[in-house]
Amino acid sequence: MNYLLRGIGVLATVGTISMLAFSLPSGEARGDGGGDALPRLTHKNWQQECASCHIAYAPSFLPKASWRRVMGGLDNHFGENASLDPATQADILRFLEANAADSGRSRMGDKVMQRMGANEAPLRITETRWFVRKHDEVQRATWSRKSVGSAANCAACHRQAEQGMFNEHDIRIPK
382 MNYLLRGIGV LATVGTISML AFSLPSGEAR GDGGGDALPR LTHKNWQQEC
432 ASCHIAYAPS FLPKASWRRV MGGLDNHFGE NASLDPATQA DILRFLEANA
482 ADSGRSRMGD KVMQRMGANE APLRITETRW FVRKHDEVQR ATWSRKSVGS
532 AANCAACHRQ AEQGMFNEHD IRIPK
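If you read the sequence shown in the numbering used here, its first letter stands for residue 382, the second for the next number, and so on.
See the structure below:
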């Protein structure tokens with residue numbers, strides 16, 4: 382009986398450690414283990430509502446003030462009416478703010494904020510200094526290719542963008 386209880390204790394400990402390990406973001410607990418990957422985040426409303434039209438952009442790409450602007454203008458969301466019921470909108474905004482670039486929760490966010498002024502609140506990720514610097518070698522004509530669409534279409538070149546992977550060695554720019 383003693384061996385049985387000890388075995389159950391070992392299994393419970395291993396199970397708990399495994400659960401904790403797999404619930405952490407990719408890389409280190411604070412983020413991306415080197416800057417190419419984003420923390421794995423899950424949030425039902427964010428994934429369901431935002432990813433219905435485009436990838437669910439990582440909250441760490443913009444500061445809290447930017448996410449407030451984005452979510453406050455959903456009736457004219459880059460030319461589209463993306464209005465949500467108030468409860469869902471508030472829920473998504475709380476999630477975005479909690480994981481925003483200036484929340485201190487990811488290395489990617491730290492990198493985005495290093496290049497941003499304290500009072501800046503860009504409406505688009507593509508307007509951030511970090512994005513511009515990381516994509517400075519991409520010619521303007523590339524963004525307008527039919528196969529790319531725009532600079533906002535991360536998944537066109539970053540094949541694992543939806544999984545939060547942005548390794549520059551895995552980029553494939555479509556013709």
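Ideal Cβ placement from N, Cα and C applies to all residues, glycine included.
What span of residues does the alpha helix (DSSP H) with residue i cover, start to end?
i, result
"Q470", "467 to 479"
"K442", "The sequence shown places Phe at residue 442, not Lys. Neither: F442 is in no alpha helix (DSSP H) and is coded neither H nor E."
"M494", "488 to 495"
"W524", "521 to 524"
Looking at residue j and residue i, is the spacing between their C-beta atoms short of 8 Å?
i, j, result
"D551", "Q544", "no"
"A437", "W427", "yes"
"A536", "P555", "no"
"N480", "L422", "yes"
"H424", "F476", "yes"
Can you give me the Cβ contacts of residue i inside the same chain, cut-off strictly under 8 Å, excluding the 5 residues immediately before and after it?
i, result
"R449", "L474, E478, A502"
"S525", "S531"
"I506", "Y438, F442, L443, F512, A533"
"C434", "E461, A463"
"T523", "V529, I554"
Give me the Cα-Cα distance between residue i and residue j, rounded to the nearest whole angstrom.
i, j, result
"K515", "M497", "14 Å"
"A447", "L465", "According to the sequence as given, residue 447 is Ser; it is not Ala. Roughly 18 Å between the two C-alpha positions."
"R488", "K445", "16 Å"
"R482", "M452", "Correcting the residue type first, residue 482 is Ala in the shown sequence and not Arg. Taking the straight line joining both Cα atoms gives about 16 Å."
"H458", "C431", "11 Å"
"A468", "L455", "14 Å"
Near residue i, which residues of its chain fall below 6 Å by C-beta distance, leaving aside the five closest residues on each side in sequence?
i, result
"D472", "N426"
"G490", "S441, A482"
What does a CB cutoff of less than 7 Å around residue i pick up in its chain, not counting 5 residues either side in sequence?
i, result
"S528", "A537, P555, K556"
State yes or no: is the beta carbon of residue i nearer than 8 Å to at least one beta carbon in chain B?
i, result
"H458", "Of the protein chains in this structure there is only one, and it is not chain B."
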